[in-house]
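If you want my numbering, it's the 1-based position in the sequence shown plus 183.
Heads up, the beta-carbon is just placed ideally off N, CA and C, and yes, glycines get one too.
Take a look at the structure set out below.
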Amino acid sequence: MDARAEERASRFSVISKVLLAQLGLSVVLAMLFWGVGGLVPAYSALLGGLTCVVPNAFLALRLVVSRRDSGPGALLRAAYIGELGKLALTVLMFGIVFTLVRPLAAWPLFAGFIGAQLVILAGFLMRDEEVQVEKRIKNGD
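Structural data, given as structure tokens:
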């Protein structure tokens with residue numbers, strides 16, 4: 184396995200962990216809101232989490248999927264397109280939720296969205312920890 188393939192596999196591993204953690208947190212928040220406030224806050228929180236997870240999955244696929252041109256310019260283009268697509272999907276999903284879902288609890292919806300977004304910070308910390316472990320192994324510490 185060459186260095187680029189190893190790097191891609193490592194990125195995919197962290198990305199998949201973050202996406203699964205976002206989905207898991209969304210479900211846990213929905214269950215908490217269900218226990219406290221009932222069905223409407225529960226599905227509102229779940230929809231908020233999904234409004235975060237689905238666009239993030241789109242961006243992740245744009246960044247991880249192999250391309251014919253594997254240079255830095257191609258990765259930068261993929262990141263720009265992925266980020267624009269993520270923004271468009273987020274706006275579209277919020278628009279669909281606010282238009283079609285009745286009744287809707289706004290506070291749990293945004294709590295689910297923000298909670299899922301905060302999981303990304305945990306992903307950065309996981310990635311940083313992996314880099315530190317790899318450095319220690321490489322240096323023989």
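CA-to-CA distance, residue j to residue i, given in whole angstroms
i      : j      : result
Gly220 : Ser253 : 49 Å
Leu275 : Leu292 : 15 Å
Gly232 : Trp217 : 14 Å
Cys235 : Ala299 : 6 Å
Pro163 : Gly323 : This structure leaves residue 163 out entirely; the chain is present only between 184 and 324.
Ala257 : Leu267 : 15 Å
Arg285 : Ala294 : 18 Å
Gly278 : Ile297 : 17 Å
Leu208 : Phe281 : 22 Å
Contacts around residue i, its chain only, beta-carbon distance under 8 Å, and the 5 residues preceding and following it disregarded
i      : result
Ile320 : none
Gly306 : Val197, Ile198, Lys200, Val201, Ala204
Ala225 : Ala213, Met214, Phe216, Trp217, Pro291
Neighbourhood of residue i by C-beta distance below 6 Å, restricted to the same chain and skipping five residues each side
i      : result
Leu242 : Gly265, Lys269
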